[in-house]
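**Q**
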Amino acid sequence: MAMMTGVGENPLPPVCFSSANLTGIEIEALVGRGFDFNCRSDPNTAASCREFDDEDAVCENKATGFFVVDNTILSTSDSVVYKDTPEEDCLTTCSTNRDRFGRSILCASFVYDHASFTCTIFKEKAKPEGKADVLQAVGKRYFEKVCLGGDVPMECADSQFIRADDSVLIGFARNVTLVETMEQCVEQCVKENDCKSAMYFYEEGECITNTESALTKPSAFAKEENEKVVYFQNGCLTKIRVQQGLLSLALFSS
Numbered sequence: 613m614a615m616m617t618g619v620g621e622n623p624l625p626p627v628c629f630s631s632a633n634l635t636g637i638e639i640e641a642l643v644g645r646g647f648d649f650n651c652r653s654d655p656n657t658a659a660s661c662r663e664f665d666d667e668d669a670v671c672e673n674k675a676t677g678f679f680v681v682d683n684t685i686l687s688t689s690d691s692v693v694y695k696d697t698p699e700e701d702c703l704t705t706c707s708t709n710r711d712r713f714g715r716s717i718l719c720a721s722f723v724y725d726h727a728s729f730t731c732t733i734f735k736e737k738a739k740p741e742g743k744a745d746v747l748q749a750v751g752k753r754y755f756e757k758v759c760l761g762g763d764v765p766m767e768c769a770d771s772q773f774i775r776a777d778d779s780v781l782i783g784f785a786r787n788v789t790l791v792e793t794m795e796q797c798v799e800q801c802v803k804e805n806d807c808k809s810a811m812y813f814y815e816e817g818e819c820i821t822n823t824e825s826a827l828t829k830p831s832a833f834a835k836e837e838n839e840k841v842v843y844f845q846n847g848c849l850t851k852i853r854v855q856q857g858l859l860s861l862a863l864f865s866s
C-alpha cells in the first residue's frame, strides 16, 4: 500500500483506498499514513482522486433523517467498517459525515449488525434513490440518509422512518402530491400534522400521505405486486411525541 512521502520530498496526491472490512484501529492507522476514504478507488479517475458525487451524503443546511429497513444489507463492497461500535455512534458518524477519530467520511447509508456491533458505512444508496440493490440478511439493519428541508422542525433531526418496499396502506389516504424524489415525499408527510405514513410511487412521482400507519392499522397493510412503491412511516411524528411524553412526565414528577 502506498504511503505519503517524508519531509522535504514532493508530496504525493491523496491515495484512494477501498476500505472494506477494516477495524476502527486499522482505519485510524491508515488515516495517519495519508490514505483518503473520501474517494472511490477507480484507476480511471486516479489522477483526480477528489472527484466524487457527494449529494447523497451531504445535507447542506438541512436536518438529517434516515429510512430504516430491518434484516437488510446493501449489495456493494465499497464500504468502511467499524467494529465494536454502538448503533448510536454509527448513526452519528453517518449523520455528521465524521467518524469518531475526527476524520471526514462520506456516508449516504450504513448497515448495523446488532450481533457483532459492526457499523458498515457506504457512499451509495439503495434503489430507487441510488443504484445499489439490497439483500435480505437476518439481524442486520439498513439505514439510508434522507435530507429534510428547511420547513421541517429541527426536532426531526436524526428521525428514523421505517421503510417497506413494494408495500401499501389501503383506505387511509389523505393527500396525493406530485414530487420528484422520495425526500420530497418525506418532507410532504412531515409538514402535514396528521400524516402517520406515506407511499412514494416512484415511476409516477406520486406521494400519497396517510392518516394511519401499519402500526395503527396493521390489517390495512399489504404487499403491492403491480406498481413500484416505497412505504414509510413518519419517524419525525414519533420522535416529537416521545419528546412531548418525556417532557410531560418530567413536569408531572416535579
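Residue numbers (the numbering used here): 613 to 866.
No residue lacks a Cβ here, since even glycine has one placed at the ideal position from N, Cα and C.
Just so it is clear, the structure is predicted and the values come from calculations on it, not from any experiment.
#1: Looking at the secondary structure, which residues open and close the beta strand (DSSP E) in which GLU818 lies?
#2: Pop quiz: CYS848 and CYS768 are said to be a contact at Cβ under 8 Å. What is the actual Cβ separation, rounded to whole angstroms?
#3: Residues in the same chain with beta-carbon distance under 8 Å from LYS803, minus the five sequence neighbours each way, listed in chain order, please.
#4: When the Cα of SER689 is compared with those of VAL723, GLU699, CYS706, ARG775, which residue comes out closest?
#5: Given this structure, state the Cα-to-Cα distance separating THR704 from CYS807, to the nearest angstrom.
#6: Could you tell me the distance, in whole angstroms, from the CA atom of THR697 to the CA atom of THR730?
#7: Does DSSP classify CYS731 as helix, strand or coil?
#8: On the premise that VAL842 lies in contact with ASP777, defined as a C-beta separation below 8 Å, what is that separation, rounded to the nearest angstrom?
#9: Given this structure, state the Cα-to-Cα distance separating PRO740 from MET811, to the nearest angstrom.
#10: In the DSSP assignment, what residue or residues form a beta bridge with TYR812?
#11: How long is the line joining the alpha carbons of PHE713 and VAL670, rounded to whole angstroms?
#12: Please work out which residues of its chain come closer than 6 Å, Cβ to Cβ, to ASN633, disregarding the five sequence neighbours upstream and downstream, and give them in chain order.
#13: How would you label GLN748, buried or exposed, when you count the other beta carbons within 10 angstroms and need 16 or more for buried?
#14: Curious, which full-length alpha helix (DSSP H) runs of at least 4 residues does the stretch 665-735 contain?
#15: Roughly how many whole angstroms lie between the Cα atoms of ALA832 and GLU824?
#16: Give me the Cα-Cα distance between ASP701 and LEU827, rounded to the nearest whole angstrom.
#17: Pull up the distance between the alpha-carbon of ILE717 and that of ASP711, whole angstroms please.
#18: Where do the N-terminal and C-terminal ends of the alpha helix (DSSP H) with CYS759 fall, by residue?
#19: Are the Cβ atoms of LYS752 and THR684 separated by less than 8 Å?
#20: Considering only the alpha carbon of each residue, which of PHE813, ALA727, CYS719, ASP668 lies closest to LYS695?
#21: Please classify LEU781: does DSSP put it in a helix, a strand, or coil?
#22: Secondary structure at LYS803, three-state DSSP: helix, strand or coil?
#23: For LEU820, count neighbouring C-beta atoms within 10 Å of its own C-beta (all shown protein chains included) and say buried if the count is 16 or more, exposed if not.
**A** Short version:
#1: The residue given as residue 818 occupies position 206 in the sequence shown. Annotation: the continuous beta strand (DSSP E) that includes GLU818 extends over 818-822.
#2: Along the sequence shown, one-based indexing puts residue 848 at 236. Along the sequence shown, one-based indexing puts residue 768 at 156. Going by Cβ atoms, the distance from CYS848 to CYS768 rounds to 4 Å, so yes, they are a contact pair.
#3: By 1-based counting over the sequence shown, the position of residue 803 is 191. ASP763, VAL764, listed in sequence order.
#4: Stepping through the sequence shown from its first residue, residue 689 is reached at position 77. Taking only the C-alpha atoms, the option nearest SER689 is VAL723.
#5: As a working note, residue 704 is residue 92 in the sequence shown. As a working note, residue 807 is residue 195 in the sequence shown. Roughly 26 Å between the two C-alpha positions.
#6: Here residue 697 refers to the residue found at position 85 when the sequence shown is read from its first residue. Here residue 730 refers to the residue found at position 118 when the sequence shown is read from its first residue. The straight-line gap from Cα to Cα measures roughly 6 Å.
#7: To locate residue 731, count along the sequence shown from 1; it is residue 119. Looking at CYS731 - three-state DSSP - the assignment turns out to be strand.
#8: Within the sequence shown, residue 777 is the residue found at index 165, counting from 1. Within the sequence shown, residue 842 is the residue found at index 230, counting from 1. The Cβ separation is near 5 Å, so the contact holds.
#9: Position 128 of the sequence shown, counting from 1, holds the residue named residue 740. Position 199 of the sequence shown, counting from 1, holds the residue named residue 811. When only Cα atoms are considered, PRO740 and MET811 end up about 13 Å apart.
#10: Taking the first residue of the sequence shown as position 1, residue 812 is located at position 200. Per DSSP, the beta bridge partners of TYR812 are CYS819, VAL842.
#11: The count along the sequence shown starts at 1 and reaches residue 713 at position 101. The count along the sequence shown starts at 1 and reaches residue 670 at position 58. Across the structure, PHE713 and VAL670 are spaced so that their CA atoms are roughly 19 Å apart.
#12: Looking up residue 633 in the sequence shown gives position 21. Because the pLDDT at ASN633 is just 44, under 50, the model does not fix this residue reliably, and the value given afterwards should be weighed accordingly. Excluding positions up to five away in sequence, the list reads VAL693.
#13: Within the sequence shown, the letter at position 136 stands for residue 748. So GLN748 counts as exposed.
#14: Unbroken alpha helix (DSSP H) runs of no fewer than 4 residues, entirely contained in the stretch 665-735, are found at 699-708, following chain order.
#15: Position 220 of the sequence shown holds residue 832. Position 212 of the sequence shown holds residue 824. For ALA832 and GLU824, the distance between alpha carbons rounds to 9 Å.
#16: The residue given as residue 701 occupies position 89 in the sequence shown. The residue given as residue 827 occupies position 215 in the sequence shown. Straight across, the Cα-Cα distance linking ASP701 with LEU827 is about 27 Å.
#17: Position 105 of the sequence shown, counted from the first residue, corresponds to residue 717. Position 99 of the sequence shown, counted from the first residue, corresponds to residue 711. Each residue's Cα considered, the two are about 7 Å apart.
#18: Counting from one through the sequence shown, the residue named residue 759 turns up at place 147. Element bounds for CYS759: not the alpha helix (DSSP H) but the beta strand (DSSP E), 746-760.
#19: Here residue 752 is taken as the residue at index 140 of the sequence shown, counted from 1. Here residue 684 is taken as the residue at index 72 of the sequence shown, counted from 1. Their beta carbons are under 8 Å apart, which means LYS752 touches THR684 by this criterion.
#20: In the sequence shown, counting from the first residue as 1, residue 695 sits at position 83. Taking only the C-alpha atoms, the option nearest LYS695 is ALA727.
#21: The sequence position of residue 781 within the sequence shown is 169, counting from 1. LEU781: strand per DSSP, three-state reduction.
#22: The residue you call residue 803 lines up with position 191 of the sequence shown. In the structure shown, LYS803 sits in a helix (DSSP, three-state: H, G or I).
#23: Position 208 of the sequence shown, counted from the first residue, corresponds to residue 820. One point to set straight first is that residue 820 is Ile, not Leu, in the sequence displayed. In this structure ILE820 is buried. Its beta-carbon is surrounded by 16 or more other beta-carbon atoms within 10 angstroms.
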